Structures are given as C-alpha cells and as structure tokens.
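Heads up: the sequence shown at position 123 corresponds to 160 in our numbering, and the numbers run straight through without jumps.
Think of the CB as a built atom: it goes at the ideal place given N, C-alpha and C, for glycine as much as any other residue.
Here the structure is a predicted model, which means the values were calculated and not measured.
Let me begin by presenting the structure, written as structure tokens, before commenting on it.
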Amino acid sequence: MQKTSMARWAALAALPLAIASTQAQAQSYEMAISTLIPENLKNNSIYPALVHFKEQVETRTDGDLKVSIFGGGQMGSEVETGSQVQAGGRALQSTVLTSGAMSSFFDDYQIVTAPFLFDNWRQAWAFFDSEWFADFMSGTIEAADMRYLGTFDDGGGFVAFTNNERLIKTVEDLEGLNIRTEENPAHVATMKALGASATPLPWGELITALETGLADGQFNAPVINTTYGLDEVTDYTTLTGHVYNSASWMVSETWYQELPEDYQRIVTSAAREAVQLSHGASAMLATASWQESCELFEECYIMPTDERQRMAEIARPAWKDWIVNDFGADEQLVEDMLGKVDELRQSQPEETFQRYGQ
C-alpha cells in the first residue's frame with residue numbers, strides 16, 4: 038500500500054513536467070495562412086497546394102511548426118489580411134494576394150499587369166519562378182515587411198472575354214463594346230487602346246452590370262466564368278489570354294526571421310514544391326473549364342496566335358505609356374521585365390527542340 042501511494046505521488050508530481058514537455062513538443066511556432074480561395078480540394082489549385090505545404094512542413098518539423106489554413110476569406114479581404122501580415126505576423130503569418138491587392142502593398146507589382154505578357158503556361162511559370170522575378174519581389178521586404186514565397190496562377194492565369202453582343206474574333210470586334218474590368222487602371226488603359234470602353238466595377242457588382250446592360254461583357258479566367266455562371270448573363274466567349282492573373286504567396290518577414298534557419302529552409306523548400314504542384318492543377322482546371330465554356334456559352338472561340346500578336350502590338354504601347362507616364366513606374370524596370378520575358382520566349386522553344394527534338 039505504501040509503495041503504491043508513493044508511486045501515485047511520484048506520478049502526480051511528474052505530471053506538470055510531462056504536460057509542459059508535451060506542450061513544448063507539440064509546437065513552438067505557428068503559421069496561419071489566409072486565402073480567398075474556398076477550402077475545396079477539387080475546384081481550385083491553390084488550396085490543395087497549401088494543404089500539401091502544411092503536410093510537408095509539419096512532418097519535416099515533427100509538428101513543431103503548426104500550419105493552419107483559413108480559406109474562403111474567413112480572415113477578411115486580401116488587403117485586410119495583407120495588413121495583418123505586414124503588421125508583424127502576430128495573428129496572421131501568411132496570405133495569398135491577387136495582383137490588385139499585391140500592388141497596394143508593392144507598387145512595382147503593377148508592371149506585371151502588362152497585356153499579352155506571356156504566350157503559354159510554360160513561359161509564365163518560368164518567368165514567375167525565375168531568379169529575376171525573385172530578385173524583383175525581394176523589394177516587398179523593405180516595402181511591406183513581407184517575404185515572397187511564390188506565385189500561384191489566379192484562376193488558371195489566362196483570361197477569356199465573355200459578352201452579350203458578338204463573338205470576338207478580331208480586335209475590330211471589340212470596337213464599341215463596354216467591358217467591365219477590375220478597378221485597375223492598367224486594364225482600363227488596355228481596353229481603351231483596343232477600341233472598347235471600360236467600366237471598372239468591384240466583383241460584387243459584375244452580374245448586375247451584365248444583367249442590366251451597364252456592361253456588355255467582361256473578362257476572367259474560364260474557371261471563374263463557368264464557376265460563377267457567367268454563361269447565364271453573357272452569350273459569347275473568346276479565349277484571348279490578354280491578361281495573366283497571378284496570386285502572390287507572402288509571409289511576414291518579421292515572423293520569418295524569428296524561425297530557426299533549418300525551419301526557414303523547410304518553409305521555403307516546401308513552398309516551392311507546393312507552387313509547382315499548383316501549376317499543373319491550375320492548367321488542368323483551366324483546360325477543363327474552357328471545354329465546359331464551349332458547352333455552356335452559345336459560341337466559343339480561341340483567338341489565333343497571329344491575331345493575338347496584332348492585338349498585343351496595339352495594346353502594349355498604350356499600356357507602357359500609362360505605366361511609365363501616368364503610374365510612374367521606372368521605365369528601365371519595365372524594359373528589364375519585358376526583356377526577361379522575351380528571353381524566355383526565344384530560349385524555351387530552342388532548348389526544348391535541342392533536348393527532345395534532335
């Protein structure tokens with residue numbers, strides 16, 4: 038009896054230490070990630086990538102760095118969550134910002150809105166994953182106390198027009214159309230250059246604008262057009278890819294610097310793998326959504342390369358004039374970006390043929 042009592046007393050005495058030890062082992066660091074994308078593993082490419090990241094980080098740190106994902110805008114708008122991350126990562130350590138929101142924290146990001154910037158996904162992915170772009174995005178540390186982890190394709194990247202008036206096959210078909218755009222002056226300048234008028238409206242007013250005739254059409258990624266039933270308020274769709282929508286994955290620099298170096302390596306490495314996973318899923322969903330568009334809309338059309346080039350030659354000078362003279366972007370920075378993309382445009386096909394075609 039005495040031995041039993043002593044054993045119980047020893048066990049009780051050791052309990053607080055055991056609890057403290059368990060809590061310490063459970064987690065020393067937390068990383069909460071916010072995104073507007075719904076918590077769905079099948080209808081988007083970003084949430085599954087974040088889930089993969091969570092699994093990789095928690096496994097490789099033995100649970101010492103716990104990752105939580107808050108999808109569907111649970112933590113607020115992009116600007117609100119960006120501000121929380123910028124504030125030192127006390128409550129929210131990471132967020133995913135689409136191009137408009139990213140530009141509000143890092144002005145130079147606006148140059149990435151250039152029309153007809155990319156010809157295909159491989160080119161876009163190579164650019165966003167390049168050393169040039171990583172160096173460019175390192176400016177977010179000073180500008181916003183946020184570190185760049187990678188770029189997701191927002192809705193699949195390339196956009197398609199939808200409208201009520203006619204099928205857009207040439208640049209002339211845009212003449213006189215009133216196109217709803219995001220509240221982004223770069224998009225407004227591009228539409229005007231192509232002969233359309235532009236009505237900047239927030240997303241929440243889009244359907245009503247199309248139903249009432251306030252706007253004749255709009256452009257978004259095919260997955261957005263089908264998911265949100267834009268075939269019910271517009272009849273025609275054309276895949277032009279004149280804008281490539283992107284989403285930047287950011288993390289609090291203050292919080293990041295508090296991590297041990299081996300955890301920093303795990304975060305950055307797992308993020309790169311998650312971004313690569315997302316790229317493939319994004320292209321698959323975009324392709325499937327375009328096929329669905331051709332079933333849902335009255336008519337669909339993929340703009341040929343030659344006509345896209347003709348549109349680009351019209352839109353690019355107007356955009357460049359706006360970005361440099363009105364927005365105030367550094368002209369050399371713009372030229373450097375366009376030069377990097379042109380370099381990839383030339384090198385990728387040649388490298389592919391040398392490796393696989395000879």
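Query                                                                                                                         : Result
Spatial distance of Gly-376 from Trp-356 (CA atoms)                                                                           : 16 Å
Contact between the stretch 72-87 and the stretch 313-326 (3+ Cβ pairs under 8 Å)                                             : yes
Beta-carbon contacts of Val-371 that lie in its chain and below 7 Å, excluding the five residues immediately before and after : Ile-148, Lys-357, Ile-360 and Val-361
Distance between Val-304 and Gln-60 (C-alpha atoms, nearest Å)                                                                : The pLDDT assigned to Gln-60 is 40, lower than 50, so where the model puts this residue is not dependable; a value taken from the coordinates is nonetheless given after this. In a straight line, the C-alpha of Gln-60 is about 22 Å away from that of Val-304.
Same chain, Cβ closer than 6 Å to Thr-227, neighbours up to 5 away in sequence not counted                                    : Pro-152, Ala-352 and Trp-356
Cβ pair count under 8 Å reaching 3, the stretch 249-258 against the stretch 212-226                                           : yes
Segments of 4+ residues assigned as alpha helix (DSSP H) that fall wholly inside the stretch 113-171                          : 115-123, 136-142 and 158-165
Beta-carbon proximity check, Ala-69 vs Ser-105, cutoff 8 Å                                                                    : yes
Alpha carbon of Leu-78 to alpha carbon of Asp-191, nearest angstrom                                                           : 15 Å
Close beta carbons around Ala-396, own chain, < 8 Å, minus the five adjacent residues each side                               : Any property of residue 396 remains undetermined from this structure, which presents the chain solely from 38 to 395.
Range covered by the alpha helix (DSSP H) that runs through Lys-91                                                            : 83-97
Test: Gly-394 CB closer than 8 Å to a CB of chain B                                                                           : Note that chain B does not occur in the displayed structure, where there is just one protein chain.
For Val-196, the nearest candidate out of Thr-118, Thr-72 and Leu-276 (CA to CA)                                              : Leu-276
Neighbourhood of Trp-158 by C-beta distance below 6 Å, restricted to the same chain and skipping five residues each side      : Ala-320
Check whether Thr-135 and Ala-284 have beta carbons under 8 Å apart                                                           : yes
Nearest-angstrom beta carbon gap, Leu-238 and Ala-246 [assumed within contact, 8 Å]                                           : 6 Å
Own chain, CB closer than 7 Å to Glu-368, minus 5 neighbours either side, in chain order                                      : Val-361
Range covered by the alpha helix (DSSP H) that runs through Arg-184                                                           : Premise fails: Arg-184 lies in the beta strand (DSSP E), 183-200, not in any alpha helix (DSSP H).
Bridge partner(s) assigned by DSSP for Thr-237                                                                                : The question names Thr, but residue 237 in the sequence shown is Pro. In the DSSP output, where bridge partners are listed per residue, Pro-237 has Thr-218.
Limits of the unbroken beta strand (DSSP E) element including Lys-103                                                         : 102-107
DSSP three-state assignment for Gly-278, whether helix, strand or coil                                                        : strand
CB of Gly-194 within 8 Å of CB of Ala-258, strictly                                                                           : yes
Gly-108 beta carbon less than 8 Å from that of Thr-72                                                                         : yes
Residue range of the beta strand (DSSP E) that includes Asn-257                                                               : 254-257
Reduced DSSP category for Val-378 - H, G, I as helix; E, B as strand; rest coil                                               : helix
Segments assigned alpha helix (DSSP H), at least 4 residues, entirely inside the stretch 307-339                              : none
C-beta contact flag for Glu-248 and Val-270 at 8 Å                                                                            : yes
Nearest neighbour of Asp-272, chosen from Asn-282, Arg-302, Asn-201 and Arg-392 [CA to CA]                                    : Asn-201
Collapsed DSSP secondary structure at Arg-270 in the structure displayed                                                      : Per the sequence shown, the amino acid found at residue 270 is Val instead of Arg. Three-state result, Val-270: coil.
Length of the line joining the Cα atoms of Met-287 and Thr-132                                                                : 6 Å
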